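Undergrad: Just so you know, we're using UniProt numbering here: the sequence shown kicks off at 1 and counts up by one. For every residue, glycine included, the Cβ atom is placed at its ideal position computed from N, Cα and C. No experiment lies behind these values; they were computed from the predicted model shown.
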Amino acid sequence: MKKIRGVKDFLPKKKIFYNKVIVYIKKIFYNYFFEIETPIIEKFFFFKKNNLFNEEIYKFKDYSKNILCLRPENTTPCLRIFNLYKKKIKIFYYGNMFRYEKPQKNKLRQFKQLGIEVFQNNIIEEINILILINKILFFFKKYIFEINDFFNFKNKFIYNKIILFFLYKKNIKTKKSIFKIIDKKFNIKKFIFNYKFLNKNYNNKIKKILFLLKKNIIFNPKLVRGIEYYSNIIFEWKNKNSVCGGGGYNFYSYTFLKKIKTSFGLSLGIDRLLFKKKMFKKKMFKIKINFFLNLFINKFYFSNNFSNIKIFKINKFILKIIYIKKIFFFHIKKILNLLKIIINNGY
1 MKKIRGVKDF LPKKKIFYNK VIVYIKKIFY NYFFEIETPI IEKFFFFKKN NLFNEEIYKF
61 KDYSKNILCL RPENTTPCLR IFNLYKKKIK IFYYGNMFRY EKPQKNKLRQ FKQLGIEVFQ
121 NNIIEEINIL ILINKILFFF KKYIFEINDF FNFKNKFIYN KIILFFLYKK NIKTKKSIFK
181 IIDKKFNIKK FIFNYKFLNK NYNNKIKKIL FLLKKNIIFN PKLVRGIEYY SNIIFEWKNK
241 NSVCGGGGYN FYSYTFLKKI KTSFGLSLGI DRLLFKKKMF KKKMFKIKIN FFLNLFINKF
301 YFSNNFSNIK IFKINKFILK IIYIKKIFFF HIKKILNLLK IIINNGY
């Protein structure tokens, strides 16, 4: 018996590792956000306003002939919750999402997302969240952080170029079709070369984010995420493929709240974060530590003096170190500092 396309099984070894990663990230999030859980099944009506995923939603009728669906994303259910409380809230969630799209190497029809949503936020909170996620992602791997000012891009791009082009030359009548084609088929590069900021406030906002995050950041005016979804700063963390992305969606939240409230969120694709098979090929080494350390691609060589330390190699970036039942996760570049501490303290 074969499983259906676009889903995968989690066998014990892989599931244990997934759980450890989720627990690690959640422990960090608990210091800053409240955790919520939303239903996997929602009314299709809620997601109908979001043209981004309409053709990828798993929808069906129940016995009462209500049109229901499997959630394709979790921002919309979070907006529903915010509409009930109508207060400033900072929340995070973790769960399965479902989209009927063509399965590829790093794209699934059932996938796990860990996300953050903040309502009635300010720029300081946004920057702090970006710094936090940046640190978490660099713990696993080196990612490039790309950012764009979508508010200005949207005003100039959509209204001055796209609407006229598609309505008159391509004879497209529906709003839904316009946004779908913009996202997937239109050659944005021709327009981008003349791109300039229109709004000084958003320009300053990006400068603050670039200054505080400092390393591995690219301002990419070609970056586009959900033309009808986002209306503010947008961003992605990439390493060949996007592993985390988000932005401000004030205008999308307006469709639910009937008031423009500052809304900001991001989602982290756990399946993409832990996709490489090397992440699950752990090797344990019993070692003796000295001040001198040589690192090789597949093995670690230590010499003399110290024992009782075990190392699990998770991948070429991360080591799991167990010393007298105390567990540490470290980036390889930081391992030398750890060894110096162990030696200087006479362990």
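Looking at residue 58: is its Cβ nearer than 8 Å to the Cβ of residue 74?
TA: Cβ distance not < 8 Å, so residue 58 and residue 74 don't count as in contact.
Undergrad: Judging by CA-CA distance, which residue of 32, 8, 87 and 13 is the nearest neighbour of residue 420?
TA: This structure cannot speak to residue 420, because the chain is shown only from 1 to 347.
Undergrad: Report the partner residues of residue 87 according to the DSSP bridge assignment.
TA: The partner list for residue 87 (beta bridge, DSSP) is empty, contrary to what the question assumes.
Undergrad: For residue 69 versus residue 117, is the C-beta distance shorter than 8 Å?
TA: Going by C-beta atoms, residue 69 is not nearer than 8 Å to residue 117.
Undergrad: Is it buried or exposed for residue 66, if we count other Cβ within 10 angstroms and need 16 for buried?
TA: Classification for residue 66: exposed.
Undergrad: Starting from residue 236, follow the beta strand (DSSP E) in both directions and report where the run begins and ends.
TA: Per DSSP, residue 236 belongs to the beta strand (DSSP E) from 233-239.
Undergrad: Between the beta-carbon of residue 268 and the beta-carbon of residue 114, is there less than 8 Å?
TA: Yes, the pair counts as a contact, with Cβ atoms nearer than the cut-off.
Undergrad: Between which two residues does the alpha helix (DSSP H) carrying residue 119 extend?
TA: Per DSSP, residue 119 belongs to no alpha helix (DSSP H); it is in the beta strand (DSSP E), 110-119.
Undergrad: State yes or no: is the C-beta of residue 238 within less than 8 Å of the C-beta of residue 125?
TA: Not closer than 8 Å, so no.
Undergrad: What three-state label does DSSP hand residue 254 in the structure shown?
TA: Looking at residue 254 - three-state DSSP - the assignment turns out to be helix.
Undergrad: Report the option in 236, 246, 2 and 232 whose CA atom is closest to the CA atom of residue 218.
TA: Of the listed residues, the one whose Cα sits closest to residue 218 is 236.
Undergrad: Please look up how many angstroms separate the CB atoms of residue 133 and residue 266, rounded, as I've assumed it's under 8 Å.
TA: Their Cβ separation, rounded to whole angstroms, is 7 Å, which keeps residue 133 and residue 266 in contact under 8 Å.
Undergrad: State the beta-bridge partners of residue 242 as determined by DSSP.
TA: DSSP lists 238 as partners of residue 242.
Undergrad: Which residues does DSSP list as the beta-bridge partners of residue 266?
TA: In DSSP, residue 266 forms a bridge with 116 and 246.
Undergrad: By a C-beta neighbour count over all protein chains shown, 10 Å radius and 16 as the cutoff for buried, is residue 255 buried or exposed?
TA: The residue is exposed, with fewer than 16 neighbouring Cβ atoms inside 10 Å.
Undergrad: Let's see if you can read the secondary structure: which residues bound the beta strand (DSSP E) around residue 68?
TA: Note, residue 68: beta strand (DSSP E), 67-70.
Undergrad: Keeping to the same chain, check which residues put their C-beta closer than 7 Å to that of residue 83; ignore five residues upstream and five downstream.
TA: Hits under 7 Å: 256 and 257.
Undergrad: By the 10 Å Cβ neighbour count, where 16 or more other Cβ atoms means buried, how is residue 263 classified, buried or exposed?
TA: Buried, by the Cβ-count rule.
Undergrad: Buried or exposed: where does residue 42 fall if 16 or more other Cβ atoms within 10 Å of its Cβ makes it buried?
TA: Burial call: buried.
Undergrad: With a CB to CB cut of under 6 Å and the five nearest residues on each side skipped, what residues in its chain are close to residue 243?
TA: Once the five neighbours on either side are set aside, the close Cβ partners of residue 243 are 237, 269, 272 and 273.
Undergrad: Expressed to the nearest angstrom, what Euclidean distance is found between the alpha-carbon atoms of residue 306 and residue 245?
TA: Residue confidence for residue 306 is low, a pLDDT of 38 falling below 50, so the modelled location carries little weight; the figure read from the coordinates is stated next. Approximately 44 Å between the Cα atoms of the pair.
Undergrad: Give the DSSP-derived three-state secondary structure of residue 139 in the structure shown.
TA: In the structure shown, residue 139 sits in a helix (DSSP, three-state: H, G or I).
Undergrad: Starting from residue 16, trace the alpha helix (DSSP H) both ways and give me its first and last residue.
TA: Unbroken alpha helix (DSSP H) run through residue 16: 12-29.
Undergrad: Pop quiz: residue 25 and residue 127 are said to be a contact at Cβ under 8 Å. What is the actual Cβ separation, rounded to whole angstroms?
TA: Going by Cβ atoms, the distance from residue 25 to residue 127 rounds to 19 Å, so no, they are not a contact pair.
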